[in-house]
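Sequential numbering of the sequence shown, starting at 1302, is according to our numbering.
By construction, the Cβ of each residue, glycine as well, lies at the ideal position given by its N, Cα and C atoms.
Bear in mind the structure is a predicted one, so any value in this text is a computation, not a measurement.
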Amino acid sequence: MKLSQLLANIRYTAAGAADADITDIVYDSRKAAPGTAFVCLKGYTSDGHRFAQSAVEKGASALVISDDLGFEVPPEIAVARVDDTRYALALMSAALFGNPADELKTVAITGTKGKTTTTAMIASIFEHAGIKTGTIGTLGIVYDGKTVKTDNTTPESYEIQKALRDMRNAGCEAMVIEASSIGLKHHRLDGMTFDVGVFTNFSNDHIGGVEHKDMAEYLFCKSLLFRQVRNAAANCDDPHYKEVTKDFKGQLHTFGFSGDSELRAKNDRLLSDGGFIGVHFETEGAKALTLDVGVPGVFNVYNALAAISAVSFFDVPEQAIIDGLKVAHVRGRVEPVKVPGNYSLLIDYAHNALSMENVLTTLRQYHPHRLITLFGAGGNRPKVRRFEMGETSGRLSDLSVVTEDNSRFEDVMDIIEDIKTGLHKTDGEYVVVPNRKEAIRYCMLNAEDGDIIVLAGKGHEDYQEIKGVKYHMDERELIADIIREEHLDERN
């Protein structure tokens, strides 16, 4: 593709071989090669303009810049000067991959909390409607049974556009993405018009350092999404929703518990039945539905309402909404694992005191026979984290099962001793089982009817890091092994 074609929708000035043939776009000079256009991005700690000469030396055919360069560019190298290289990267990437968003149903979700869960809910509804769906967010790029890990909740624009093309090539018809405020600020989602934009909620987060200077900027960046969507859904119980959607001119669907909501929730209650832990509620207004959602916590009613509102802009049967929400879950976030027996087994990523407090407090509301928490703590990390986790579990759990979790270069027993220091500040009962598989086995073999068991710390991770080596370890596989080894299916 000609450089001029990639830059067709961008204001620029050109020098050198202005109409170079471009086969790929890079923003890491180490990946530069003949046929590539190197885009000089400005990061928090580095500036791509400093590496432009290195990209040329590696054979890059073009440079896209916004600042002056400190060297003489050979005349055979095309140079395009733009106002903002991040914006240019987004539009160039969309053009390079043939604007794949135009071939997909697209939903983007922004908000302080709930993006990951709402993404999973929408994807589950789409899949139950027979619409093959890919997702992009906290858990990476997920489609066609594959997961590609990413560094950011909202990846760089090139990675997004490549992922959309890969999804489409794999037969996907829809894509749901988490639109972080940082991603919006840095133009990672530019070059697309989404079918639906969703606002979940807004609260204090991501302020200071390299993120947002204040709450006003944070809120403004959230609002940027609604300049590039055809339809919108917003939580009108959140007082910020009007400010976030002020630039949106299309059809806005509101949801919440209040009477002002177009889609309203009512009769909500926690639901725990035969290993199923979630929330029950009904809707009125835009849709009249009776729903059981397989994600615990009343706050997930809002996420479910967001999902229902989003899919309402498409031709999705109500039964797909009902079925999709019942089984929707986020990998590694209070993720249920089916086991023989009348107890619940959940996998969660909680790996510090705050996240553990949130999960255990939510699960306490279900009044389990016993709340059992299996956890460890990472090696080569502050010891205070271990004390706090021990104290939190001891206070909120009926039984703590202390084990390993990425001991790294420390002795696991030393880490466990630190955890016990926190546990001893409480009256909570605990046992120590250093090997994680054996700790899980202990929990399953000693489970009683009505127990809720949380395997905390690993979540979506599929490894155990010991002495600098990451060994494969997926807790779902360990649970399946234990069921088979102990013949638990036959006992129940």
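Where do the ends of the beta strand (DSSP E) carrying Ile1753 lie? Boundaries of the beta strand (DSSP E) harbouring Ile1753: 1753 to 1757, taken from the DSSP string.
Since Val1327 sits in a beta bridge, which residues does DSSP pair it with? Partner(s): Phe1339.
Count the other CB atoms, across all protein chains shown, that sit within 10 Å of the CB of Leu1746; report buried if there are 16 or more and exposed otherwise. When all chains shown are included, Leu1746 counts as exposed.
Please check the pair Ile1716 and Ser1645, which I expect to be a contact at CB under 8 angstroms, by giving their CB distance rounded to whole angstroms. By a beta-carbon distance limit of 8 angstroms, Ile1716 does not contact Ser1645. Their separation comes to about 27 angstroms.
For a quick check, are the C-beta atoms of His1761 and Arg1632 less than 8 angstroms apart? Using a Cβ distance threshold of 8 angstroms, His1761 and Arg1632 count as a contacting pair.
Just the Cα atoms here: how many angstroms apart are Phe1688 and Lys1414? If you take the alpha carbons of Phe1688 and Lys1414, they lie about 27 angstroms apart.
What does DSSP give as the partner residues of Pro1637 in its beta bridges? Answer is Leu1647, bridged to Pro1637.
Using the DSSP secondary-structure output, state which residues sit across from Met1476 in a beta bridge. For Met1476, the pairing in a beta bridge is given by DSSP as Thr1407, Gly1435.
Rounded straight-line distance, which links the Cα of Thr1454 to that of Thr1434: Roughly 18 angstroms between the two C-alpha positions.
Quick check: the Cα distance between Ser1698 and Glu1692, rounded to an integer number of angstroms? If you take the alpha carbons of Ser1698 and Glu1692, they lie about 10 angstroms apart.
Residues that DSSP places opposite Thr1314 in a beta bridge: DSSP lists Arg1382 as partners of Thr1314.
Whole angstroms are fine: how far does the CA of Gly1472 sit from the CA of Asp1445? In a straight line, the C-alpha of Asp1445 is about 8 angstroms away from that of Gly1472.
Quick one: measure Cβ to Cβ for Met1493 and Ala1402, integer angstroms, because I've assumed they're closer than 8 angstroms. 4 angstroms between Cβ atoms; contact.
DSSP three-state label for Lys1447, please. Looking at Lys1447 - three-state DSSP - the assignment turns out to be strand.
Note down, one range per segment and in chain order, each beta strand (DSSP E) of at least 3 residues found wholly within the stretch 1705 to 1768. You should have 1730 to 1733, 1753 to 1757, 1764 to 1767.
With His1788 as the anchor, note down where its alpha helix (DSSP H) starts and where it stops. The continuous stretches of alpha helix (DSSP H) do not include His1788, and DSSP gives it neither H nor E.
Pick from Lys1343, Arg1665, Val1374: whose alpha carbon is nearest that of Ala1315? Looking at the Cα atoms, Val1374 is the closest of the given residues.
What's the gap between the Cα of Val1713 and the Cα of Met1422? Cα-Cα distance, rounded: 37 angstroms.
Ignore the nearest five residues each way along the sequence and tell me which others in His1630's own chain have a CB closer than 7 angstroms to its CB. For His1630, where only same-chain residues beyond five positions count, the Cβ hits under 7 angstroms are Ala1421, Gly1595, Val1596, Glu1636, Pro1637.
4-residue-minimum alpha helix (DSSP H) runs that sit fully inside the stretch 1560 to 1623, ordered along the chain: List check, alpha helix (DSSP H) in window: 1601 to 1612.
Lys1359 - DSSP class collapsed to helix/strand/coil: In this structure, Lys1359 counts as coil in the three-state DSSP scheme.
Anyone know if the C-beta pair for Asp1775 and Ile1784 falls short of 8 angstroms? Not a contact, by the Cβ cut-off of 8 angstroms.
Quick check on Arg1528: does DSSP put it in helix, strand or coil? Judged by DSSP in its simplified three-state form, Arg1528 adopts helix.
When DSSP labels each residue in this structure, what does Ala1533 get in the three-state scheme? For Ala1533, the three-state secondary structure derived from DSSP is strand.
Could you check whether Gly1575 and Asn1502 sit closer than 8 angstroms to each other, using their CB atoms as the reference points? Contact: no.
Express the C-alpha separation of Ile1378 and Gly1336 in angstroms, rounding to a whole number. Distance between the alpha carbons of Gly1336 and Ile1378: 10 angstroms.
Secondary structure of Gly1701, DSSP reduced to three states: With the sequence shown as reference, residue 1701 is identified as Ser, and Gly is not the correct amino acid for it. The three-state reading of DSSP puts Ser1701 in strand, counting E and B together.
If you compare alpha carbons, which of Asn1604, Asp1496, Glu1749 is closest to Asp1616? When only C-alpha atoms are compared, the closest one is Asp1496.
If you count every other CB in all the chains shown that lies within 10 Å of the CB of Ser1330, and 16 or more means buried, which is it? Looking at its Cβ environment, which holds 16 or more other Cβ atoms inside 10 Å, Ser1330 is buried.
Excluding the 5 residues flanking Leu1392 on each side, which residues of the same chain have their C-beta closer than 7 angstroms to its C-beta? Cβ within range, chain order: Asn1310, Ile1311, Asp1491, Gly1492.
So what does DSSP say about Tyr1772, is it helix, strand or coil? Under the three-state reduction of DSSP, Tyr1772 is assigned to strand.
Same chain only: Cβ atoms within 7 angstroms of Asp1368, ignoring 5 sequence neighbours per side: The answer, listed in chain order, is His1350.
Assigned secondary structure, Gly1625 (DSSP; H/G/I helix, E/B strand, else coil): If DSSP states are grouped into helix, strand and coil, Gly1625 belongs with the helices.
Relative to the C-alpha of Arg1686, which candidate in Cys1341, Leu1724, Lys1627, Ser1481 has its C-alpha closest? For the residues Cys1341, Leu1724, Lys1627, Ser1481, the minimum Cα distance to Arg1686 belongs to Leu1724.
Which stretch, first to last residue, makes up the alpha helix (DSSP H) that contains Leu1307? Taken as a continuous stretch (DSSP letters only), the alpha helix (DSSP H) holding Leu1307 covers 1304 to 1307.
Do Ala1561 and Phe1527 have their C-beta atoms within less than 8 angstroms of each other? Note that residue 1561 corresponds to Asp in the displayed sequence, not to Ala. No, the Cβ-Cβ distance between Asp1561 and Phe1527 is not below 8 angstroms.
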